[in-house]
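Here's the structure we're looking at; comments come further down.
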Amino acid sequence: MKHERIVSLDAIYNADEGPVFMTGIQALVRLPLMQRRFDRRRGLSTGGLVSGYRGSPIGAYDQQLWKAQKYLDAHDVIFQPGLNEDLAATALWGAQMHKAFGPSKVDGVFGIWYGKGPGVDRSGDAFRNANMIGTSALGGVLAIGGDDHAAQSSMFPHQTDGIFQSAHIPVLQPTDVSDILTLGMAGIAMSRFAGTWVAMKTIAEVVESAASFALPDPAPDFASPAELVPPHGLNWDPAIQWPAERAEYERRLSEERLPAAIGWAVANRIDTPIFAARAKRLCVVTVGKAHQDFMQALENLGVGEDEAEALGLSVYKVAMSWPLAADPLLAFAKDADEIFVVEEKAPIVEDQIKTALFHRDGKRIRITGKRDADGKLLLPVVMEFTPLMVAQALTGRLAHDPVGLADRLKTLEAMAARGVVVPFPVRRPFFCSGCPHNSSTKTPEGSISGGGIGCHVMALSVPKLKTTTFSQMGGEGLQWVGAAPFSKTDHIFQNIGDGTYQHSGLLAIRAAIAARTNITFKILYNDAVAMTGGQPAEGVIDPPRIVAQLLAEGAARVHLVSDDPGKWRDLPGGIVAAHRDEMDAIQRALRDTPGVTAIVYEQTCAAEKRRRRKRGAYPDPDRRLFINPRVCEGCGDCSVQSNCIAVQPLPTPDGVKRRIDQSACNKDFSCLKGFCPSFVEIEGAVLRGPDAARIAAVESERFAGLPAPVLPRLDGTYNIYIAGIGGLGVLTVGALLGMAAHIDGSVSTVLDFTGLAQKNGAVVSQVRIAAEGAAIHAVRI
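Number 782 marks the last residue of the sequence shown (this note's numbering); no jumps.
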């Protein structure tokens, strides 16, 4: 071990200094703890409130907060998951006004809201109202928006910047994991000073990565420019009367708070020059993750500060993308011939620079970014871009090229071309073995179904499940409400998960009832929000309560279907639970029933069953099914009936038969519905485990004389690309390598792409390692 490094979880959350290896999610957990310690040092009695709703790339935030409960308790931080995103935002709004409800226990409450891009979209009204009212001087709110620029795990690509901008909320964009802490602390401080909410945009390359870095200053000395504070202050003011003084709310936000946010950002140097050439020809302005790509492009082109000087190249990193602190940026670039803006998605910073320069006297600076002065495309608005794309655009902007960048670019392009392999089939995610959706998403002959947000959306890619449409979360079934009056189809089925039902889906059912639409909702109750990691749905929700709610809302008929109907007794409305084998008959009956009907399909998530059984927290049937290949005729009816991936093809001299993969099997037993005599049931069977003694002997024999590996010299960055599918330990290997490099004294980053990992989908972990003191720019290989 070269250096003493922080490796324990306790130190990650409690240490004030030292090198640390931390994930972006862990940084988000550490952030409120840092803020509370910062307040304690200043003698403030504050509390913290974290609330929001899960979703990639911050889908694991709530899980890590629960795991860190003892640290939260010790720092007076309350984690209260929101039922949905906009309700969570409203709760945080209320926490800023806690003194309006009588005597308070604390001086102030700092808040952290979190949600993925679509959650930001749906929370616009709550954001706008809360931001208009303002934050408290010892509170402050940081809104963490999880963006998915390339739709890695979303229905479509999304960008939250414009949504926050429309609510007049300043937007910070961290570049790496360390930035989450520094900008997070700055965001809360800015929110307290200026009285606005402050957003922090995160994407997978930042929040789903891990990195080794030195912890930032635990007690930053933030400047608070007194000249920006009007006599009545900038924060929430209970003296303003609503509705009589609505215009005053707007005036203060637009004319006082937002300028104060800009002034605070300038005073605290939120935006930073990276390097400046004496003779500036090209000034590059980078934003967020795009800064990683640009710096990696320079490294790939072999451009350091000396060559940048020769090229007349200067770089300025923008951390607050809206509203832009234009004065220091333009002062930095005042002698440049051109400002080239490198930012992903919409040209938000580029447009603000153009606006700021429009009426200025002096040298006319050319502004490029998405397009050049002739309208030619430089950097795309769609999806995301790579260091090579940035290198290509940059080289084209440098008419003065004394170092031969054009030739270096040709070398990079040739290397990229050689790296292209023959396209191979992409691993398609599918339901886990024994997944309830294998049975619950089946649609009767002659009918169609609608999809929505949740694991069941994978039915869209399975033609036999006849699922034709999907909606946003909470909109399930409403497309049919609009289409039904104009369609010759009389009825459809609509799948909706229990998490979505609790989040906002009940309103969709209520709307369908109000519209008197012929539709059957299938509420798929699997006792977990499996899409994002198996978390419980918020609040108290179980099948009897759902049945009671549906009946109270006016559903014409409601059925409860289960793989174990005997456990559901005394249901509301005299309903008798039915076995899942009756599902098809029940669906056929309901599609002929006018109005809104519903099926509550209850069966625990197969992945959760497996986890709980490992912990001894769920019954494990003492039986296993096997297929006798001598009897099996390979008809495949067992696969048709079960949709189960544990039923696998078995090549034999007599043709392809079927087998059950006992390692994958989750004991759903729906394959038994296949019309086949080849099944064998064995009771008391236990899978043969590894022979520990034999393995130890082999290890002792083969590893005893094994020489220590010769580690490569880290002249640059060493890249390791690990690929596989969910459940094979891909992320574990990546995390181990990253931490090992950290312990060894090197710097490392790890970027994980999980997508639908839990559903047998592709998983990738990208590890980059460099020598101590070296910089790793882009975390993606």
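All residues carry an ideal CB built from backbone N, CA and C; glycine is no exception. These figures come from a predicted structure and were not determined experimentally.
What's the C-alpha gap between residue i and residue j?
i	j	result
I366	D338	5 Å
D692	E684	23 Å
L182	S448	52 Å
A772	K443	54 Å
I524	Q550	12 Å
V731	A509	39 Å
A61	R55	7 Å
L325	P175	15 Å
R270	W67	35 Å
I542	L572	14 Å
K674	F471	30 Å
G706	E700	10 Å
R581	I7	52 Å
G363	A332	12 Å
R624	V764	32 Å
A311	L299	14 Å
E308	R398	15 Å
M474	K290	28 Å
D375	T287	22 Å
V208	R372	29 Å
D11	L729	28 Å
L37	T47	In the sequence as presented, Leu is not what sits at residue 37; that position holds Arg. Looking at the two C-alpha atoms, the distance is approximately 7 Å.
A334	I340	7 Å
Go ahead and label residue i buried or exposed: buried means 16 or more other beta carbons lie within 10 angstroms of its beta carbon, across all protein chains shown.
i	result
T273	exposed
T468	buried
K607	Rather than Lys, the amino acid found at residue 607 in this sequence is Ala. Result: buried.
R794	Look at the range of the chain in this structure, 2 to 782, and you will see that residue 794 is not part of it.
G25	buried
K3	Residue placement at K3 is flagged as unreliable, the pLDDT there being 46, under the threshold of 50; the coordinate-derived value follows with that caveat. Classification of K3: exposed, given that the 10 Å Cβ count is below 16.
F704	exposed
S563	buried
Y619	exposed
K610	buried
T594	exposed
W243	exposed
I696	exposed
G500	buried
K281	buried
S192	buried
On a CA-only basis, which of the options is nearest residue i? Give me that one, please.
i	options	result
V30	P232, Y14, M296 and L45	Y14
A224	G264, P231 and E385	G264
V267	F754, P630 and P226	P226
I145	V562, L216, P58 and Q536	P58
I782	I721, H743 and G728	I721
Q166	V199, E700 and G147	V199
G103	R581, P239, V383 and A261	P239
L552	G575, A334 and S155	G575
E603	K568, D328 and S450	K568
L93	G112, E702 and F80	G112
A513	Q503, A724, G498 and H492	H492
V172	F22, W323 and T197	W323
V751	N496, D745, G739 and H743	G739
Could you pull the DSSP bridge partners for residue i from this structure?
i	result
N720	R769
H580	S563
S450	T468 and F494
Y115	G53 and I145
Q536	V530
P652	V657
F80	V51
I204	D148
Only counting the same chain, and skipping five residues up and downstream in sequence, which positions put a Cβ closer than 7 Å to that of residue i?
i	result
A779	Q293, D294, Q297 and P388
T785	No answer is possible for residue 785: it lies beyond the span of the chain, which begins at 2 and ends at 782.
V748	S213, A771, E773, A775 and I777
C645	S434, G435, N439, D669, S671 and C672
F680	L626, I628 and L673
R361	none
Once the 5 residues before and after residue i are set aside, which same chain residues still bring their CB inside 8 Å of it?
i	result
R429	S462 and G762
A220	F39 and R42
Please go through the same chain and pick out, in chain order, the residues whose beta-carbon is closer than 6 Å to the beta-carbon of residue i, but skip the five residues on each side of it.
i	result
L715	A771 and A772
I351	Note on identity: in this sequence residue 351 is Glu, with Ile being the wrong assignment. Closer than 6 Å at Cβ, skipping near neighbours: V342 and G370.
Taking 7 Å as the CB-CB cut-off, is residue i touching chain D?
i	result
P171	Looking at the structure shown, chain D is missing, and only one protein chain is on hand.
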